Amino acid sequence: MRALVLPRAAIVILGAALVAGCTAAVEPSGTPRFAVTRSWSTGYEESADIYADGRVVMHHGDNVERFALPAAQMRELDAAAAAPVAPGSNADDPIVGVTIGSSAPVRPARSEPGTLAELLGRLLDVHTLHP
Numbered sequence: 156m157r158a159l160v161l162p163r164a165a166i167v168i169l170g171a172a173l174v175a176g177c178t179a180a181v182e183p184s185g186t187p188r189f190a191v192t193r194s195w196s197t198g199y200e201e202s203a204d205i206y207a208d209g210r211v212v213m214h215h216g217d218n219v220e221r222f223a224l225p226a227a228q229m230r231e232l233d234a235a236a237a238a239p240v241a242p243g244s245n246a247d248d249p250i251v252g253v254t255i256g257s258s259a260p261v262r263p264a265r266s267e268p269g270t271l272a273e274l275l276g277r278l279l280d281v282h283t284l285h286p
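So this is what it looks like as structure tokens:
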């Protein structure tokens with residue numbers, strides 16, 4: 156059996172292309188369409204910024220996750236955002252905060268089935284609206 160021998164320059168170029176491909180993701184820019192924060196009584200903090208193109212940047216404590224939502228799920232969030240975000244209670248655990256675009260955040264926000272606060276909370280839990 157014959158071993159495949161690549162010139163050193165080819166190996167360097169191949170390695171550089173691999174690194175560039177893994178790090179070339181463009182960060183979302185501009186104002187997020189939606190933002191959610193969740194603060195637990197233990198001090199644990201979570202948040203997510205959801206951009207118009209479906210990109211999501213999510214923080215669970217010190218961990219950062221990036222993924223994209225399908226267009227159908229973005230339409231669901233838009234539809235839920237048509238209703239005003241109802242205020243919640245500071246006694247809630249966790250306390251949820253919701254921001255739509257550049258408007259003022261509602262914190263605490265009440266999380267009831269079908270509301271934007273509930274959908275964004277589900278997104279923080281399982282990274283999709285339909286687990």
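So the number in this note's numbering is just where the residue sits in the sequence shown, counting from 1, plus 155. By construction, the Cβ of each residue, glycine as well, lies at the ideal position given by its N, Cα and C atoms. For clarity, every value in this text was computed on a predicted model and none was experimentally measured.
Report the option in the options whose CA atom is closest to the CA atom of residue i.
{"i": "H282", "options": "T186, T197, H214, S194", "result": "H214"}
{"i": "P225", "options": "D280, A237, G209, L278", "result": "G209"}
{"i": "A207", "options": "L232, G243, R193", "result": "L232"}
{"i": "L271", "options": "G252, G198, S194", "result": "G252"}
{"i": "T197", "options": "P249, R188, H285, L275", "result": "P249"}
{"i": "S194", "options": "D247, P242, T186, S257", "result": "D247"}
{"i": "Y199", "options": "V261, G276, G216, R188", "result": "G216"}
For residue i, which of helix, strand or coil comes out of DSSP?
{"i": "R262", "result": "coil"}
{"i": "G252", "result": "strand"}
{"i": "D280", "result": "helix"}
{"i": "E220", "result": "strand"}
{"i": "R188", "result": "coil"}
{"i": "D204", "result": "strand"}
I'd like to check one pair, residue j with residue i: are the Cβ atoms closer than 8 angstroms?
{"i": "L278", "j": "A203", "result": "yes"}
{"i": "A223", "j": "V212", "result": "no"}
How many Å lie between residue i and residue j at the Cα?
{"i": "V240", "j": "T192", "result": "14 angstroms"}
{"i": "S244", "j": "A264", "result": "7 angstroms"}
{"i": "L280", "j": "S257", "result": "According to the sequence as given, residue 280 is Asp; it is not Leu. Taking the straight line joining both Cα atoms gives about 24 angstroms."}
{"i": "A234", "j": "S266", "result": "16 angstroms"}
{"i": "A238", "j": "N218", "result": "31 angstroms"}
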